[in-house]
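Residue numbers (this note's numbering): 1 to 128.
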């Protein structure tokens with residue numbers, strides 16, 4: 001299931017060569033355990049629902065998590081130099097781009113839920 005999450009994250013995130021998107025990809029697509037989306041998909045089994053119906057919302061959770069890590073690493077917070085053995089986003093792209101990339105991931109997560117193709121309108125609204 002992790003492979004499906006990784007693939008969908010790559011599909012969802014714009015691949016444009018603009019700094020903000022490069023920075024967002026740097027953090028969101030770096031290797032991780034993907035615990036939050038896995039828990040979301042596992043929860044669907046409790047309700048006997050196909051896990052793939054929750055794939056986009058699960059990816060949105062991962063985006064929100066990445067945002068929180070980016071902001072937590074900023075100099076005004078924990079000022080971390082490394083995240084999962086790699087330089088933190090603000091060390092690579094600077095504080096301003098890191099702040100904007102985090103904000104982008106948070107906002108884009110809600111767009112992903114709003115556009116989730118398998119979910120109905122009411123389901124999307126409730127999740128948002």
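A virtual CB, placed ideally from N, CA and C, is assigned to each residue, including glycine. Model, not experiment: these values are computed from the prediction.
Distance CB(residue 73)-CB(residue 89) smaller than 8 angstroms | A Cβ-Cβ contact shorter than 8 angstroms links residue 73 with residue 89.
Cβ shell of residue 25 (< 7 angstroms), same chain only, five flanking positions each side left out | Answer for residue 25: 13, listed in chain order.
Inter-stretch contact (C-beta, 8 angstroms, three-pair minimum) for the segment 30 to 40 and the segment 94 to 111 = Too few Cβ pairs lie closer than 8 angstroms, so no.
Indicate whether the contact test is met: 3 or more Cβ pairs, each with one atom in the segment 43 to 60 and one in the segment 5 to 22, closer than 8 angstroms.
-> A contact exists between the segment 43 to 60 and the segment 5 to 22.
Residue 63 versus residue 21 - alpha carbon distance | So the two alpha carbons sit approximately 13 angstroms from each other.
Can you check whether the CB of residue 54 is closer than 8 angstroms to the CB of residue 40?
-> Judged by their CB atoms, residue 40 and residue 54 are nearer to each other than the 8 angstroms cut-off.
Residue 38 versus residue 70: straight-line alpha-carbon distance, rounded | Approximately 21 angstroms, taken between the alpha carbons.
Pair within 8 angstroms by beta-carbon distance, residue 52 and residue 28 | Cβ atoms of residue 52 and residue 28: not closer than 8 angstroms.
Cα-Cα separation between residue 93 and residue 11, rounded to whole angstroms = Straight-line Cα distance between these residues: approximately 23 angstroms.
Determine the DSSP secondary structure at residue 34, reduced to helix, strand or coil.
-> Secondary structure of residue 34 (DSSP, three-state): coil.
DSSP state of residue 13 mapped onto helix, strand, coil | Note: residue 13 maps to coil in three-state DSSP.
Which partner residues does residue 87 have in the DSSP bridge list?
-> Looking at the DSSP output, residue 87 sits in a beta bridge with 82.
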